[in-house]
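A short write-up of the structure that comes next.
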Amino acid sequence: MPGSGGGIGAGLHTTAMLLESYVLIDAGTGVGDLSIEALSRIDAVFLTHSHLDHLCLVPFVADAVGQLRRKPLTIYGLKEILDM
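When we follow this note's numbering, the leftmost residue of the sequence shown carries the number 60, and every step to the right adds one.
Here you go:
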(Lines of atoms letter the chains of each structure in order from A and count residues from 1; the text may use other names and numbers.)
(Lines give C-alpha, C1' and ligand atoms only; values in the text may rest on other atoms or scores of the structure.)
Protein backbone atom coordinates (compact mmCIF):
# COMPACT_ATOMS: atom_id res chain seq x y z
CA MET A 1 0.00 0.00 0.00
CA PRO A 2 1.48 3.38 -0.99
CA GLY A 3 2.10 5.93 1.71
CA SER A 4 4.27 8.87 2.53
CA GLY A 5 7.53 9.04 4.33
CA GLY A 6 10.31 11.38 5.15
CA GLY A 7 13.30 11.68 7.31
CA ILE A 8 16.29 13.76 8.18
CA GLY A 9 19.72 13.69 6.64
CA ALA A 10 21.13 14.53 3.24
CA GLY A 11 18.28 15.29 0.85
CA LEU A 12 15.53 14.13 3.23
CA HIS A 13 12.81 16.26 4.82
CA THR A 14 9.71 15.82 6.91
CA THR A 15 6.26 17.18 6.06
CA ALA A 16 5.71 20.83 5.18
CA MET A 17 3.61 22.41 2.43
CA LEU A 18 3.63 26.12 1.58
CA LEU A 19 0.41 27.48 0.01
CA GLU A 20 0.65 30.78 -1.83
CA SER A 21 3.43 32.39 0.20
CA TYR A 22 1.72 32.89 3.54
CA VAL A 23 0.05 29.62 4.63
CA LEU A 24 2.06 26.67 5.86
CA ILE A 25 0.54 23.22 6.31
CA ASP A 26 2.68 21.47 8.92
CA ALA A 27 6.18 22.61 9.78
CA GLY A 28 8.52 19.69 9.26
CA THR A 29 12.18 19.99 8.35
CA GLY A 30 11.40 20.97 4.74
CA VAL A 31 10.66 24.48 6.06
CA GLY A 32 14.37 24.86 6.74
CA ASP A 33 15.02 25.22 3.00
CA LEU A 34 13.03 28.47 2.82
CA SER A 35 14.81 31.82 2.84
CA ILE A 36 14.39 34.25 5.73
CA GLU A 37 12.33 36.43 3.40
CA ALA A 38 10.00 33.52 2.57
CA LEU A 39 9.72 32.56 6.24
CA SER A 40 8.79 36.13 7.18
CA ARG A 41 5.83 36.06 4.76
CA ILE A 42 4.21 33.07 6.50
CA ASP A 43 1.22 34.32 8.50
CA ALA A 44 -0.51 31.06 9.39
CA VAL A 45 0.57 27.52 10.19
CA PHE A 46 -1.99 24.71 10.16
CA LEU A 47 -0.87 21.64 12.10
CA THR A 48 -2.55 18.41 11.04
CA HIS A 49 -1.45 16.41 14.07
CA SER A 50 1.04 16.48 16.92
CA HIS A 51 3.79 14.22 15.60
CA LEU A 52 7.19 15.90 15.86
CA ASP A 53 7.86 15.47 12.14
CA HIS A 54 4.90 17.79 11.42
CA LEU A 55 5.57 20.55 13.95
CA CYS A 56 9.27 20.60 14.79
CA LEU A 57 10.16 23.84 12.99
CA VAL A 58 7.34 26.01 14.40
CA PRO A 59 9.54 27.44 17.19
CA PHE A 60 12.48 27.92 14.83
CA VAL A 61 10.33 29.88 12.35
CA ALA A 62 8.95 32.07 15.13
CA ASP A 63 12.43 32.72 16.49
CA ALA A 64 14.07 33.31 13.11
CA VAL A 65 11.59 35.89 11.82
CA GLY A 66 9.65 37.09 14.86
CA GLN A 67 11.43 40.45 14.91
CA LEU A 68 10.64 40.96 11.20
CA ARG A 69 6.90 40.52 11.64
CA ARG A 70 4.31 43.20 12.35
CA LYS A 71 1.88 40.69 13.85
CA PRO A 72 2.34 37.32 15.56
CA LEU A 73 2.46 34.08 13.62
CA THR A 74 -0.92 32.34 13.95
CA ILE A 75 -0.94 28.59 14.63
CA TYR A 76 -4.10 26.59 13.90
CA GLY A 77 -4.92 23.07 14.99
CA LEU A 78 -7.23 21.05 17.15
CA LYS A 79 -7.02 21.83 20.87
CA GLU A 80 -5.21 18.55 21.50
CA ILE A 81 -2.53 19.50 18.96
CA LEU A 82 -2.08 23.03 20.29
CA ASP A 83 -1.84 21.70 23.86
CA MET A 84 1.21 19.69 22.83
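Cβ atoms here follow ideal geometry from the backbone N, Cα and C, with glycine treated the same way.
Item	Value
State the DSSP-derived secondary structure class of I95, mapped to helix, strand or coil.	helix
Less than 7 Å between C-beta atoms, sequence neighbours within five positions excluded: which residues of the same chain meet that for I140?	L106, H108 and S109
If distances are taken between C-alpha atoms only, which option among G91, R129 and E96 comes closest to A75?	G91
What does the alpha-carbon distance come out to for the pair C115 and I67?	12 Å
What's the call for G87, buried or exposed, on a 16-neighbour Cβ count within 10 Å?	buried
When you compare the CB positions of D102 and Y81, do they come within less than 8 Å of one another, or not?	yes
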